[in-house]
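Encoded as structure tokens, the structure appears first; notes follow it.
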Amino acid sequence: MDIRNYFLYVPILALIWLNVLLYDASCGSPEIMDQIKAVKDKILKNYDRTVRPTFNGSNTTEVESRFIPR
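Residues in the sequence shown are numbered consecutively from 978, following my numbering.
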């Protein structure tokens, strides 16, 4: 590695590392987790109770079996 490349990359890596260390990772806070849970509950509300028709219009589960050679 050329010395010019060394003096170019080391400060950039140091700034990135400093940014990672100083970043406030508040994703684990209870407020954020409550918001995530509320969104998840809103999305999954009555998800299992809805009837989703298949591509041919029926509400049945389609099972397809094929011969698998050895």
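We treat Cβ as the ideally placed atom computed from N, Cα and C, and that holds for glycine.
These figures come from a predicted structure and were not determined experimentally.
Query, Result
"Could you have a look at aspartate 1018 and say whether DSSP puts it in helix, strand or coil?", "helix"
"In this structure, does DSSP put tyrosine 983 in helix, strand or coil?", "helix"
"State the Cα-Cα distance for the pair phenylalanine 984 and leucine 999, rounded to the nearest angstrom.", "23 Å"
"Alpha carbon to alpha carbon, how far is tyrosine 986 from lysine 1014? Give it in angstroms, no decimals.", "41 Å"
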